[in-house]
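Below is one structure, written out as structure tokens, with a few remarks after it.
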Amino acid sequence: MPEGRLHEHDFNAALAEAMKRMHADKRIDFSHERVGVLKPVSGGSSGRVDVLVSAAGLLPVAVEVEYNRAGSQPDKDAVARLGLELKRDGRVIEAAMSVLAPPLAEQWKDHEEAVSRLVGGAQLHYAVFSRSESSAEPIRWPRTGWLTGTAQSLSELAVMVSVPPGQVEKVASDAADKMRGISEDLDASLSDDAKLRLAIAMGRPSGSDSLNVVGVVWLNAFLFQDRIAQSHTEVPKRAEAILDYNPLPELVQQAWETIRGIDYRSVFDPATEALQIVERNAGTAVTADLLGRAARMANRVEASVLGLFDIGGELFQRLISDRSEAASYYTRPEVAEFLAHITVNEGVQLPRPARALALGESDHLGETFRIADFACGTGTLLRAAYRRVRALARAAGAQPEGLAALHTHLMQQGFCGVDISPIAAHLTASGLSNIEPGADYRHTNIGVAQVCGPAGKTGSVEYLATEELADLFGYEASTTGSAPRPGAEADAQGLYAPDERFDIVMMNPPYSRSRGGQALFDIAGATDSERTRAQKRAATLVRDTPANLKAGLASVFCELVRCKLSPGGRAGIVLPITAAASPAWAGIRAMFETHFDDLLLVAFPGATRGGDRTLSADTAMGEMIIAATKRSEPRTDLSAADIMTVALDEPFSSIAVAAETGRSVDAALRGREEQREGNVTVGSAVTGRWTVLPAADGGPWAAVGAASFGAVTVAERLTRRGEFMPLDAHEPVCSVAMTTIGELFEVGPTHHRIGHVAGNEPIGEFELWPISDDQVRADVSLWASDADAQTMLTVDPTHYGLAVGPRLGAARERALVQLQRELSRSDGGNPSDAAVAEAQAEAEANERARSHNALAEMRRCRSILFYQRGIFWPSQVALAAITDKPVMGGRAWCALLHDDPVVRFGFAIWANSTLGMVVHWSRAQRQQHGRSSAQLEGIRQMPCPDFNETSTYAAARELLETRLELLRTTLMPARDAYRDPARAAVDEAAAHLLGIPDSEPLRDLTRDWCREPSVHDGTPPVFQ
1012 MPEGRLHEHD FNAALAEAMK RMHADKRIDF SHERVGVLKP VSGGSSGRVD VLVSAAGLLP
1072 VAVEVEYNRA GSQPDKDAVA RLGLELKRDG RVIEAAMSVL APPLAEQWKD HEEAVSRLVG
1132 GAQLHYAVFS RSESSAEPIR WPRTGWLTGT AQSLSELAVM VSVPPGQVEK VASDAADKMR
1192 GISEDLDASL SDDAKLRLAI AMGRPSGSDS LNVVGVVWLN AFLFQDRIAQ SHTEVPKRAE
1252 AILDYNPLPE LVQQAWETIR GIDYRSVFDP ATEALQIVER NAGTAVTADL LGRAARMANR
1312 VEASVLGLFD IGGELFQRLI SDRSEAASYY TRPEVAEFLA HITVNEGVQL PRPARALALG
1372 ESDHLGETFR IADFACGTGT LLRAAYRRVR ALARAAGAQP EGLAALHTHL MQQGFCGVDI
1432 SPIAAHLTAS GLSNIEPGAD YRHTNIGVAQ VCGPAGKTGS VEYLATEELA DLFGYEASTT
1492 GSAPRPGAEA DAQGLYAPDE RFDIVMMNPP YSRSRGGQAL FDIAGATDSE RTRAQKRAAT
1552 LVRDTPANLK AGLASVFCEL VRCKLSPGGR AGIVLPITAA ASPAWAGIRA MFETHFDDLL
1612 LVAFPGATRG GDRTLSADTA MGEMIIAATK RSEPRTDLSA ADIMTVALDE PFSSIAVAAE
1672 TGRSVDAALR GREEQREGNV TVGSAVTGRW TVLPAADGGP WAAVGAASFG AVTVAERLTR
1732 RGEFMPLDAH EPVCSVAMTT IGELFEVGPT HHRIGHVAGN EPIGEFELWP ISDDQVRADV
1792 SLWASDADAQ TMLTVDPTHY GLAVGPRLGA ARERALVQLQ RELSRSDGGN PSDAAVAEAQ
1852 AEAEANERAR SHNALAEMRR CRSILFYQRG IFWPSQVALA AITDKPVMGG RAWCALLHDD
1912 PVVRFGFAIW ANSTLGMVVH WSRAQRQQHG RSSAQLEGIR QMPCPDFNET STYAAARELL
1972 ETRLELLRTT LMPARDAYRD PARAAVDEAA AHLLGIPDSE PLRDLTRDWC REPSVHDGTP
2032 PVFQ
């Protein structure tokens, strides 16, 4: 082959230098073509690779490069490097990368020009190979085609794939075991009083968790100590305190006291206090042994270079037991990387203050660059956002000294990380610090916000009313309800979060809400009265905002994002997938549509199956991602507002895959122009799809969670415009007059008002019992779903009710409590017997009247038409059902009241047709796999045909007269609608009802819809 002016060897050297310059971590080594790098026995005579990426604690990555000529085969060389060993330490190459140089690279003049062009953004094509545990064939990613990027993106990806499989989990698991060992020895060595004082110092309400936290606080302090020592010569390194095998507590305390004199009190106050408590109670020898274990674990963490990744989150999950009580779930590192790439994306200009710091530009050095996570957990999202900012800075030309200046600025002023857990905040500060070891900083804006307590505080929710919170790092109350230690409030530093001043906010907020036995601020250690005060305080704070406490705290944090982001600032948020459809979230959806541009929604269609498809650790619920840019002024007209929704096929198998997928999604968002749909590709492999739909004005974001968007598009066109357009058409075939269930019917009461099944909490007017005989009864209910028995559109009631009558005892008790409360507000005396008797008699009379009226109302609301509140598509057949006689609704079935049998019959046909089921599926909540649920308000808002329209009513009457047998035809489960002749007959009737000329488009829609993972629940259709 003819050669150009730049030899391939020189290009490799230039690429290694460019990668080193562009990667922000100085601990990573990028070397080129060193002879003898590989063991000769396995690496051939030269024993070298084109570029070797390596660091202590990480596996080496071989980068094999070829010029982009016809017949180039860099894949072959990359695969050949897999499994080879480094000569110097025997580490095995588990991952290799093949790279195609830019097309004209061999024409570059010399090494200097090559470095300049590569640093300047010359495009490279590359792929990753890794060894498979189950096959001799290596795994190529992407499966087909090439990733495209620069020397910077190549260097970042190379470091990501250098993490040994399971290394983060392995180190975190080892650390957790060591911390538990420390905890067990503390438990055996300390008095109960010392344990309580430790619990207070650690801010943990439970003794076991507080002892776990001690080891982590010491581990964290040791990691910090050596980093601070790099820039403060008066601070000794941790090794200098070691006498024989273990550190001497006195020397450790002296070092930590020196650091406290500089600042860093949020880390070293709790660590020092814990050391003092343990040494006073357990003695110097025991304390030295425990400190030694924490110090040795710090050495291991340092050696692993895992500050780049989320060891803190992994460690936290293994040690803290009460996260689920507060619905606080921690973001998976892969998801954080993806979210960072679509939030701090390549289209975002480096904000002026950050650019000034990183590049030494003087014009904006007085401004503050801010990144926030107001529910920061262990800092996973803050670290991911920060890495992206550093990558943007490097791409803009920042040098190491500029990155150090940016780091100091962010650590002291720019980061705002707030959590309710001291240990989580510890790990956040530690992880962020580790990204730039040795860079100097003092006070941080990372700490702990109080929740509950005597004042009923609400954590970060308080930021809705203030710009600064006290940082109670390490000073929370214990389970006894005792106040923070004396002087804590005076010592507490402020956590400053000015309104409309943050450039980036990324969050995975708590999902907790008052429902299903769980309450807002259900925090371990909080008393009932404290929790009640916090709930009332939160209700006051969110008044007159779009947030809704029925939706949970996550909706409040969304409003907090709006308040704190500056115009042009970027938001990236992980939310429960109910945010896309629940009526309680309508205000927040409208807020995003009004106050944000570039609205991007991302979900995995199979996410509701839980497991590795969820976005947060330890939760099986469906989740979604929102990324957006805040507008300078709210939008007054939504007609031109669009929302881009992305469905990704597979969960992220690694942070490298997540990062590249994020780049692909971001490229689709920025490059779509007027295109309305497309594929997400990594290389040339399709990994997902995207579509653009108009803003919903607070209505459901119907496309979120759908695998393909054909069925959603049909449903949206019908419900928003009143037009039916088949999947394969470009124009609608007919118009359909539409309304909502709430406009057409009176929707019956909730099951809470009707009653309760015998043996459960006594609520409502009836005690319900399953019907097990043929006895005729007056008060019967279609209470439950029964997939085995309910196989037609006509169903039988499932329960009978026994009226519970007035609850006189409870009424008397309430009257007495109210009387005592009234007296306590006046003279404080006790009520007289006569006053008690009078109040209780009145209460009994009121209760009898209430019970009588409520019972009459429940009987009035009997119906013969019912709507499923939470249909399970894989086993149930009917979304709407009819009974032979009027009965009450229940937990599974909601009564729809209408006097006209034509309307009732027509609605039953509509609801059980493919089109009716698709409309319900597109607008209901898909939180659980295979199930689409709607609360009563959601049912009221559910679109349906307007049977008051003349032609629709006439068609329904004709169907009632000619197709009544459809009500008693056995149907297959909705999941199998594509192969069910009975469902086809219902679709034919629905086509006639709606004026659709041909029912075949409904069958096409059926086949498309039944492919949806949220419908088939893991058993996809098999078409003949």
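First residue of the sequence shown? That's 1012 in the numbering used here, and the numbers climb one at a time after it. Glycine is no exception: its CB is placed at the ideal position from the N, C-alpha and C atoms. All values derive from a computational prediction rather than experimental measurement.
Problem set entry | For aspartate 1991 and leucine 1982, believed in contact at Cβ under 8 Å, the rounded distance | Sure, about 6 Å apart at Cβ, within 8 Å.
Exercise. Alpha carbon to alpha carbon, how far is serine 1444 from glutamate 1313?
Worked result: In a straight line, the C-alpha of serine 1444 is about 12 Å away from that of glutamate 1313.
For this session: Taking histidine 1909 as the reference, give the member of Pro2008, Leu1876 and Ala1591 with the closest Cα.
Result: Of the listed residues, the one whose Cα sits closest to histidine 1909 is Leu1876.
Exercise. Name the DSSP bridge partner or partners of tyrosine 1137?
Worked result: DSSP, once it has assigned bridges, lists Val1110 and Leu1158 as partnering tyrosine 1137.
For this session: State the DSSP-derived secondary structure class of tyrosine 1078, mapped to helix, strand or coil.
Result: Tyrosine 1078 falls in the coil class under three-state DSSP.
Problem set entry | Distance CB(isoleucine 1515)-CB(isoleucine 1382) smaller than 8 Å | Yes. Within cutoff.
For this session: State the start and end residues of the unbroken beta strand (DSSP E) segment that holds histidine 1043.
Result: Segment 1040-1043, the beta strand (DSSP E) holding histidine 1043.
Exercise. So what does DSSP say about methionine 1632, is it helix, strand or coil?
Worked result: Reduced to three states, the DSSP call for methionine 1632 is coil.
Exercise. Given a threshold of 16 other Cβ atoms within 10 Å of its Cβ, counted over all protein chains shown, does cysteine 1905 qualify as buried or as exposed?
Worked result: Around the Cβ of cysteine 1905, a 10 Å sphere holds 16 or more other Cβ atoms; the residue is buried.
Exercise. Any idea what DSSP makes of alanine 1494, helix, strand or coil?
Worked result: A caution first: alanine 1494 carries a pLDDT of 34, below 50, which makes its placement in the model unreliable, though a value can still be read off. Three-state DSSP puts alanine 1494 in coil, outside helix and strand.
Problem set entry | Strand pairing of leucine 1779, partner residues [DSSP] | Leucine 1779 pairs with Val1768 and Gly1812.
For this session: For glutamate 1245, count neighbouring Cβ atoms within 10 angstroms of its own Cβ and tell me buried if that reaches 16, exposed if not.
Result: An exposed status is given to glutamate 1245, since fewer than 16 other beta-carbon atoms sit within 10 Å of its beta-carbon.
Problem set entry | Contact belief for leucine 1370 with glycine 1413 at Cβ below 8 Å, rounded distance in angstroms | About 6 Å separates the two Cβ atoms, so the contact holds.
Exercise. Per DSSP, which one or two residues make a beta bridge with aspartate 1384?
Worked result: According to DSSP, which records beta bridges pairwise, aspartate 1384 is partnered with Gly1428.
Problem set entry | Local conformation of phenylalanine 1022 per DSSP, three classes | Three-state DSSP puts phenylalanine 1022 in a helix.
Exercise. So the alpha helix (DSSP H) methionine 1602 belongs to, where does it begin and stop?
Worked result: Run containing methionine 1602: 1597-1606, per the alpha helix (DSSP H) assignment.
Exercise. When the Cα of alanine 1652 is compared with those of Phe1603, Tyr1341 and Val1355, which residue comes out closest?
Worked result: The candidate whose alpha carbon is nearest that of alanine 1652 is Phe1603.
Exercise. Out of curiosity, what's the CA-to-CA distance linking arginine 1249 and isoleucine 1446?
Worked result: Arginine 1249 and isoleucine 1446 have their C-alpha atoms some 20 Å from each other.
Exercise. Contact between the segment 1590-1603 and the segment 1659-1679: three or more CB pairs below 8 Å?
Worked result: Taking a contact to require three or more Cβ pairs closer than 8 Å, the segment 1590-1603 and the segment 1659-1679 do not qualify as touching.
Problem set entry | beta strand (DSSP E) runs wholly inside the segment 1537-1597, at least 3 long, in chain order | Whole beta strand (DSSP E) segments, 3+ residues: 1576-1587.
Exercise. To which residues of the same chain is histidine 1606 closer than 8 Å at the C-beta, ignoring the five residues directly before and after it?
Worked result: Hits under 8 Å: Arg1573, Lys1641, Arg1642, Pro1645 and Arg1646.
Problem set entry | Neighbourhood of tyrosine 1522 by C-beta, 6 Å cutoff - its chain only, sequence neighbours within 5 removed | Excluding sequence neighbours, tyrosine 1522 sits near Ala1338, Gly1563, Ala1565 and Pro1587.
Exercise. Leaving out the 5 sequence neighbours to the left and right, which residues in its chain are closer than 6 Å to leucine 1319 when beta-carbon positions are compared?
Worked result: Residue placement at leucine 1319 is flagged as unreliable, the pLDDT there being 46, under the threshold of 50; a coordinate-derived value is accordingly withheld.
Exercise. So glutamine 1952 is in the alpha helix (DSSP H); what residue range does that whole segment cover?
Worked result: Per DSSP, glutamine 1952 belongs to no alpha helix (DSSP H) and is neither H nor E.
Exercise. Do you know whose CA, among Val1297, Trp1229 and Glu1348, lies nearest asparagine 1310's CA?
Worked result: Of Val1297, Trp1229 and Glu1348, the residue nearest in Cα terms is Trp1229.
Exercise. If you count every other CB in all the chains shown that lies within 10 Å of the CB of alanine 1580, and 16 or more means buried, which is it?
Worked result: Reading off the sequence, residue 1580 comes out as glycine, not alanine. The residue in question, glycine 1580, is buried, as its Cβ has 16 or more Cβ neighbours within 10 Å.
Exercise. Rounded to whole angstroms, how far is the Cβ of glycine 1442 from the Cβ of arginine 1394, which I believe are closer than 8 Å?
Worked result: Contact flag correct, Cβ pair sits at about 5 Å.
Exercise. DSSP three-state call for proline 1433: helix, strand or coil?
Worked result: If DSSP states are grouped into helix, strand and coil, proline 1433 belongs with the helices.
Problem set entry | Whole-angstrom distance between leucine 1480 and serine 1432, CA atom to CA atom | Distance between the alpha carbons of serine 1432 and leucine 1480 is about 15 Å.
Exercise. Which residues bound the alpha helix (DSSP H) around lysine 1206?
Worked result: Lysine 1206 -> alpha helix (DSSP H) spans 1203-1213.
Problem set entry | Whole-angstrom distance between valine 1715 and glycine 1055, CA atom to CA atom | In this predicted model, glycine 1055 has a pLDDT of only 47, less than 50, meaning its place in the structure is not dependable enough to derive any value.
For this session: Quickly, what does DSSP pair proline 2024 with across the bridge? List them, please.
Result: BP columns for proline 2024 are empty, so no partner.
Problem set entry | alanine 1678 to glycine 1941 span [Cα, whole Å] | Approximately 32 Å, taken between the alpha carbons.
Exercise. Using DSSP with H/G/I as helix, E/B as strand and the rest coil, what is valine 2037?
Worked result: Residue 2037 cannot be examined here, being either before or after the span of the chain that is shown, 1012 to 2035.
For this session: Find the nearest neighbour of glycine 2029 within the set Gln1264, Ser1886 and Leu2005, judged by alpha-carbon distance.
Result: Cα-wise, what sits closest to glycine 2029 is Ser1886.
Problem set entry | Residue from Ala1795, Leu1626 and Leu1259 whose Cα sits closest to the Cα of aspartate 1807 | Ranking Ala1795, Leu1626 and Leu1259 by Cα distance to aspartate 1807 puts Ala1795 first.
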